[in-house]
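Numbering (the numbering used here), first residue to last: 54 to 348.
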């Protein structure tokens, strides 16, 4: 039997779908040996597979190649970066949620880009405001519109040659973007709930879509809230890059920039050198982490 190397793009009910790097996707079962050694194939895994029936595109996964990275949520392997999709408006972006996601991916050492959709709904004021919020944070930002075909080439250039996990709240334009990048995905586009002013989730499972040579995007279910794990309130300050320059001048070396006197970070906020939205998000997340530690 022929053997080839391919990438798992999704797994459903014990079946794994392996992209051969060109245009064929093979439906495969994994050998029982994986269960015996406690290893589960994941979307993004490079695998060695045996072709059982080329005409019907059927195969069997023989081995999993070494992983460069592994995500827990969503469960995926070999992811290179993250793209957070939020809308400029309708629904209004939650900057607290953006910060939580940025912190989470920072912990995973994954580069992150924040992509704001529906840029055609803004006259420039909101884009300027959002850019100012992340001034000094080191966060890369891009603005696009699938409706007006604006900024899509900027998004494509970010994705080229990488596996990118795409995350964001329901209704922010994630599915519309994926449909433009990978027309074969045929993603269901969720509507905005008039009552809740947020989108309805349309993604049910984790799946990779090929958007070019060696370029894949990993869709994830939408959400409206996100709990941080594996970080304490005392370490949170290290996730805010704009604090670094001013934190050196705080009176106390272990200053957490909340209640201390002579805090250079708080003074920088008052002087407009650090964006207040970012700082207030920091305060709220700090309080949540501190409260969670008590239980």
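Ideal Cβ positions, reconstructed from N, Cα and C, are used throughout, including at glycine.
Less than 8 Å between C-beta atoms, sequence neighbours within five positions excluded: which residues of the same chain meet that for residue i?
| i | result |
| --- | --- |
| residue 141 | 169, 170, 171, 172, 174, 175, 179, 180, 183 and 196 |
| residue 237 | 262 |
| residue 55 | 103, 104 and 107 |
| residue 156 | 281, 284, 289, 292 and 338 |
| residue 208 | 136, 168, 195, 197, 230 and 234 |
| residue 299 | 317, 318, 320, 321, 326 and 327 |
| residue 98 | 60, 61, 117, 118, 120, 130 and 131 |
| residue 186 | 148, 328, 330 and 331 |
| residue 351 | The displayed coordinates of the chain run from 54 to 348. Any statement about residue 351 would go beyond what the structure contains. |
How far does the alpha helix (DSSP H) with residue i in it reach, from first residue to last?
| i | result |
| --- | --- |
| residue 206 | 205 to 212 |
| residue 68 | Unbroken run through residue 68 is the beta strand (DSSP E), 68 to 72; no alpha helix (DSSP H). |
| residue 148 | 148 to 160 |
| residue 98 | Looking at the DSSP string, residue 98 is not in any alpha helix (DSSP H), and its letter there is neither H nor E. |
| residue 19 | Nothing about residue 19 can be reported from this structure: the residues present for the chain run from 54 to 348 only. |
Looking only at DSSP bridge pairs, what is residue i linked to?
| i | result |
| --- | --- |
| residue 268 | 265 |
| residue 81 | 69 and 112 |
| residue 193 | 166 |
| residue 64 | 69 |
| residue 106 | 111 |
| residue 198 | 203 |
| residue 260 | 63 and 272 |
Output the boundary residues of the beta strand (DSSP E) element that contains residue i.
| i | result |
| --- | --- |
| residue 230 | First-last for residue 230: 227 to 234, but that is the alpha helix (DSSP H), not the beta strand (DSSP E). |
| residue 55 | Run containing residue 55: none; DSSP gives neither H nor E here. |
| residue 218 | 216 to 220 |
Using a Cβ-Cβ cutoff of less than 6 Å, which residues in the same chain neighbour residue i once the five nearest sequence positions on both sides are dropped?
| i | result |
| --- | --- |
| residue 304 | 315 |
| residue 248 | Low per-residue confidence applies at residue 248: pLDDT is 43, beneath 50, and the placement is therefore not dependable, though the value from the model is reported in the following sentence. So the list is empty, once near-sequence residues are dropped. |
| residue 201 | 173 |
| residue 340 | none |
Who are the Cβ neighbours of residue i in its own chain at under 7 Å, not counting the five residues just before and after it?
| i | result |
| --- | --- |
| residue 334 | 148, 149 and 152 |
| residue 93 | 87 |
| residue 57 | 73, 102 and 104 |
| residue 160 | 283 and 284 |
| residue 28 | Here the chain covers residues 54 to 348 and nothing more, so residue 28 does not appear. |
| residue 287 | 309 |
| residue 204 | 172, 195, 196, 197 and 198 |
So residue i packs on residue j, CB below 8 Å; how close in whole Å?
| i | j | result |
| --- | --- | --- |
| residue 219 | residue 136 | 5 Å |
| residue 191 | residue 336 | The Cβ separation is near 20 Å, so there is no contact. |
| residue 79 | residue 110 | 5 Å |
| residue 199 | residue 226 | 7 Å |
| residue 216 | residue 163 | Actually they are not in contact, since the Cβ atoms of residue 216 and residue 163 sit about 11 Å apart, beyond 8 Å. |
| residue 139 | residue 222 | 7 Å |
| residue 279 | residue 154 | 6 Å |
| residue 166 | residue 188 | Their Cβ separation, rounded to whole angstroms, is 16 Å, which puts residue 166 and residue 188 out of contact at 8 Å. |
| residue 349 | residue 96 | Nothing about residue 349 can be reported from this structure: the residues present for the chain run from 54 to 348 only. |
task: Can you check the region 298 to 334 for any beta strand (DSSP E) of at least 3 residues that lies completely inside it and give the ranges in chain order?
output: Taken in chain order, the whole beta strand (DSSP E) runs of length 3 or more contained in the region 298 to 334 number zero.
At what residue ranges does the region 108 to 144 contain a whole run of the alpha helix (DSSP H), taking only runs of 4 or more? Counting whole runs of 4 or more residues, the region 108 to 144 contains no alpha helix (DSSP H) stretch at all.
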